[in-house]
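Colleague:
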Amino acid sequence: MANRLSVIATRTGDDGTTGLGDGSRAPKDAPRIAALGDVDELNSAIGLLLTEALPAEVSADLSAIQHDLFDMGAELCIPGHVALTDEQVARLDARLAHYNATLPPLREFILPGGSRGAAQAHVARTVCRRAERAVVSLARVDPVNPPVRQYLNRLSDLMFVLARCINQHAGQKDTFWAGAQARR
0 MANRLSVIAT
10 RTGDDGTTGL
20 GDGSRAPKDA
30 PRIAALGDVD
40 ELNSAIGLLL
50 TEALPAEVSA
60 DLSAIQHDLF
70 DMGAELCIPG
80 HVALTDEQVA
90 RLDARLAHYN
100 ATLPPLREFI
110 LPGGSRGAAQ
120 AHVARTVCRR
130 AERAVVSLAR
140 VDPVNPPVRQ
150 YLNRLSDLMF
160 VLARCINQHA
170 GQKDTFWAGA
180 QARR
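Under numbering that gives the first Met the number 0, the very last position in the sequence shown is 183; numbers go up by exactly one each time.
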């Protein structure tokens, strides 16, 4: 692989702009940059989750997701570029069905927590929802490839299900929400 970044501190962003993959510059608070940053933060949250002791199958899926999110970042960084496909969304749908089939049905809302890994999966889920909102905002001003939004929507669902699977694997029970009357 050729050197893609030879200088990290370019100082070109000191004026409040950042470079896009097509060579243009955008304000650091532009919707495209917000979406790109939220997807980057999501990838980092998943990277942190991967430092936990997880089932091998979950780790493999999360690693593949990190690569997909990097593809998504490339797509967001280069206006008009398409990198994410319907097949990647379909793969998430299949993994969601696979993991969901191993869990008992939910009869109550659950609170984030249980094991540390499950709590990290919930953090990734909430960052994913924020990234999805940022992509929806971007789509109001610039065209966005539909699989980008769809992928984030499926991924947040998958992170919820994975949190439950991680708790199950760790021998932890999900923490069920109790309404105000039940907490008295």
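A virtual CB, placed ideally from N, CA and C, is assigned to each residue, including glycine. Predicted, not measured: the structure shown is a model, and the values here were computed from it.
What residue range is occupied by the uninterrupted beta strand (DSSP E) comprising T17?
Modeller: Against the sequence shown, residue 17 aligns to sequence position 18. 16 to 18 is the extent of the beta strand (DSSP E) around T17.
Colleague: Which residue marks the beginning of the alpha helix (DSSP H) containing A89, and which one marks its end?
Modeller: Within the sequence shown, residue 89 is the residue found at index 90, counting from 1. Per DSSP, A89 belongs to the alpha helix (DSSP H) from 85 to 99.
Colleague: Out of curiosity, what's the CA-to-CA distance linking G72 and A96?
Modeller: Start at 1 with the first residue of the sequence shown, and residue 72 comes out as number 73. Start at 1 with the first residue of the sequence shown, and residue 96 comes out as number 97. Those two C-alpha atoms are separated by around 26 Å.
Colleague: Using the Cα positions of L53 and V126, report the straight-line distance between them to the nearest angstrom.
Modeller: Translated into positions along the sequence shown, residue 53 becomes position 54. Translated into positions along the sequence shown, residue 126 becomes position 127. Cα-Cα distance, rounded: 20 Å.
Colleague: In whole angstroms, give me the CA-to-CA distance for F108 and A55.
Modeller: Position 109 of the sequence shown, counted from the start, is the residue given in the question as residue 108. Position 56 of the sequence shown, counted from the start, is the residue given in the question as residue 55. Rounded to whole angstroms, F108 to A55 spans 27 Å at the Cα level.
Colleague: Determine the closest residue to A83 out of D141, D92, L68, W176, with distance taken between C-alpha atoms.
Modeller: If you number the sequence shown from 1, residue 83 lands on position 84. According to the sequence displayed, residue 83 carries Leu and not Ala. Checked all of D141, D92, L68, W176; the closest Cα to L83 is L68.
Colleague: Let me know if F184 comes out buried or exposed under the rule of 16 or more other beta-carbons within 10 Å of its beta-carbon.
Modeller: Look at the range of the chain in this structure, 0 to 183, and you will see that residue 184 is not part of it.
Colleague: Assuming contact is defined by CB atoms lying nearer than 8 Å, are C164 and L110 in contact in what I supplied?
Modeller: Counting from one through the sequence shown, the residue named residue 164 turns up at place 165. Counting from one through the sequence shown, the residue named residue 110 turns up at place 111. It is not a contact, given that the beta carbons lie outside the stated cut-off.
Colleague: For L48, which residues in the same chain have their Cβ closer than 7 Å to its Cβ, ignoring the five residues on either side in sequence?
Modeller: Start at 1 with the first residue of the sequence shown, and residue 48 comes out as number 49. Correct list, in chain order: L61, G116, Q119, A120, A123.
Colleague: For the beta strand (DSSP E) that A25 lies in, which residues bound it at each end?
Modeller: Here residue 25 corresponds to residue number 26 of the sequence shown, with the count starting at 1. Run containing A25: 24 to 26, per the beta strand (DSSP E) assignment.
Colleague: Ignore the nearest five residues each way along the sequence and tell me which others in D70's own chain have a CB closer than 8 Å to its CB.
Modeller: For the purposes of this step, residue 70 is taken as residue 71 along the sequence shown, with counting starting at 1. Result list for D70: A82, L83, Q87, in chain order.
Colleague: Would you kindly work out how many angstroms separate the C-alpha atoms of T174 and R139, rounded to a whole number?
Modeller: What you label residue 174 is simply residue 175 of the sequence shown in a count that begins at 1. What you label residue 139 is simply residue 140 of the sequence shown in a count that begins at 1. Looking at the two C-alpha atoms, the distance is approximately 37 Å.
Colleague: DSSP state of T125, grouped into three classes?
Modeller: As a first step, residue 125 must be located in the sequence shown, where it is residue number 126. Three-state DSSP puts T125 in a helix.
Colleague: Which residues in the same chain have their Cβ closer than 7 Å to the Cβ of L154, if we skip the five residues on either side of it in sequence?
Modeller: Within the sequence shown, residue 154 is the residue found at index 155, counting from 1. Result list for L154: I64, L91, C127, in chain order.
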